[in-house]
Amino acid sequence: MGKYLEVVKNNHLAVITINNPPLNVLSRAVFQELDDTFMELEHDRETVAVLLTGEGDKAFVAGADIKEFPQMMGDPDMKSQVMEVHYILNRIDSFPKPTIAVLNGLTLGGGCELALSCDIRIAEEHSQIGLPEITLGLFPGGGGTQRLPRLVGEAKSKEIMFTGEPISADAAERIGLVNKVVPSGEGLASAKQLASKITRHSLQALSRIKQSVDEGLNKSLDEGIEVEASLFQEVFQTEDIKEGVQAFFEKRKPAFQHR
């Protein structure tokens with residue numbers, strides 16, 4: 504439990520709740536807590552997946568803390584500050600365990616970029632999702648111009664960023680920005696149900712699925728196949744595959760080591 508984050512662990516799932524009222528904005532302090540928390544959970548043997556959400560029902564994260572912007576203006580070393588944010592979001596993006604974001608309200612700017620760094624997104628029906636930076640005379644600087652086009656395509660991404668207008672949860676589902684839309688108030692329960700279907704499996708295999716997909720997306724098909732083959736070879740050296748195959752022969756559920 505930090506000043507801005509609450510972490511609850513149960514059944515191999517860690518639930519992180521961002522609590523920075525009224526709209527859970529991402530200050531530098533919140534970013535630092537996120538970084539520390541994900542570093543800790545990476546090495547937590549009991550945690551197989553992570554769920555990330557915001558406190559309350561108004562916002563997942565309504566953006567970066569704009570009150571911190573004036574001190575960045577005219578700073579000749581501003582790029583290093585921006586890269587600090589990228590390092591944290593990249594850590595979450597490449598976190599070696601499945602991650603699920605539950606969007607339970609406004610998911611704007613840096614909040615949208617944080618959600619994009621997760622593997623799966625579930626949105627409550629009242630959520631509004633967007634990158635409104637253009638309305639302030641700037642543009643998304645937390646990976647939005649890179650992650651959103653890779654997820655939903657170039658043209659739709661440019662429309663969202665050029666207009667700065669948020670889209671509904673249903674529209675986000677139609678373009679593949681979110682995996683699923685659920686009634687308001689049911690996001691956490693839905694995500695936990697999904698997580699239970701994930702955390703029962705081998706972390707050794709889950710982490711390699713994530714690595715293979717993420718690395719392969721930035722390569723040609725042939726190069727991606729090479730990545731997959733190398734990781735497939737690795738997973739055949741783990742204790743989990745021995746347990747999985749043995750359980751299959753013995754007609755029982757496997758008991759994976761989760762580490």
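In case it helps, the working numbering puts the sequence shown at residues 504 to 762. Heads up, the beta-carbon is just placed ideally off N, CA and C, and yes, glycines get one too. Being a predicted model, the structure only gives us computed values, none of them experimental.
Open item on the list: Quick check on this structure: which residue in Q749, I623, L720, V588 has the alpha carbon closest to the alpha carbon of I531?
Closed with: As a working note, residue 531 is residue 28 in the sequence shown. A small fix is needed here, since residue 531 is Arg in this sequence, not Ile. Put simply, of Q749, I623, L720, V588 the residue whose alpha carbon is nearest the alpha carbon of R531 is V588.
Task: Contained alpha helix (DSSP H) runs [length at least 4] in the region 611-656, N- to C-terminal order - done: Here the runs fully enclosed are 613-619, 647-655.
Open item on the list: My output table needs one value for S710: the three-state DSSP class, helix, strand or coil.
Closed with: In the sequence shown, counting from the first residue as 1, residue 710 sits at position 207. Looking at S710 - three-state DSSP - the assignment turns out to be helix.
Task: Which listed residue (R755, I712, K722) has its alpha carbon closest to that of E737 - done: If you number the sequence shown from 1, residue 737 lands on position 234. If you compare the alpha carbons of R755, I712, K722 with that of E737, the shortest gap goes to I712.
Open item on the list: Tell me the rounded alpha-carbon separation between I569 and L639.
Closed with: Looking up residue 569 in the sequence shown gives position 66. Looking up residue 639 in the sequence shown gives position 136. Just so you know, the alpha carbons of I569 and L639 end up roughly 10 Å apart.
Open item on the list: Taking the alpha-carbon of N522 as reference, which of L611, T550, L508, N513 has the nearest alpha-carbon?
Closed with: Along the sequence shown, read from residue 1 onward, the residue named residue 522 stands at position 19. Comparing alpha-carbon positions, the option among L611, T550, L508, N513 lying closest to N522 turns out to be L508.
Task: Validate contact between the region 660-668 and the region 728-737 using beta carbons, cut 8 Å, 3 pairs - done: No, because fewer than three Cβ pairs between the region 660-668 and the region 728-737 fall closer than 8 Å, the two stretches do not touch.
Open item on the list: Counting C-beta neighbours from all protein chains within 10 Å, is the total for P686 16 or more, i.e. buried, or is it exposed?
Closed with: In the sequence shown, the residue the question calls residue 686 occupies position 183. Classification of P686: exposed, given that the 10 Å Cβ count is below 16.
Task: Selection from E571, M542, V605, S671 that minimises the alpha carbon distance to A692 - done: For the purposes of this step, residue 692 is taken as the residue at position 189 of the sequence shown. Out of E571, M542, V605, S671, V605 has the C-alpha closest to the C-alpha of A692.
TODO: Would you tell me roughly how many angstroms separate the C-alpha atoms of L617 and V684, rounded to the nearest one?
DONE: Taking the first residue of the sequence shown as position 1, residue 617 is located at position 114. Taking the first residue of the sequence shown as position 1, residue 684 is located at position 181. Here the C-alpha atom of L617 lies approximately 18 Å from the C-alpha atom of V684.
- [ ] Let me know the secondary structure DSSP gives V511 once reduced to three states.
- [x] Taking the sequence shown and counting its residues from 1, one reaches residue 511 at position 8. Of the three classes helix, strand and coil, the one that applies to V511 here is strand, per DSSP.
Open item on the list: Less than 8 Å between the C-beta atoms of P599 and P635, yes or no?
Closed with: As a position in the sequence shown, residue 599 is number 96, starting the count at 1. As a position in the sequence shown, residue 635 is number 132, starting the count at 1. Cβ atoms of P599 and P635: not closer than 8 Å.
Task: Best match in T648, V716, D560 for proximity to I637 [C-alpha to C-alpha] - done: Position 134 of the sequence shown, counting from 1, holds the residue named residue 637. Out of T648, V716, D560, T648 has the C-alpha closest to the C-alpha of I637.
- [ ] Check whether the Cβ atoms of T516 and K695 sit closer than 8 Å, and answer yes or no.
- [x] To locate residue 516, count along the sequence shown from 1; it is residue 13. To locate residue 695, count along the sequence shown from 1; it is residue 192. According to the sequence displayed, residue 516 carries Leu and not Thr. A distance below 8 Å separates the beta carbons of L516 and K695.
Task: D578 versus F572: straight-line alpha-carbon distance, rounded - done: Against the sequence shown, residue 578 aligns to sequence position 75. Against the sequence shown, residue 572 aligns to sequence position 69. Approximately 11 Å, taken between the alpha carbons.
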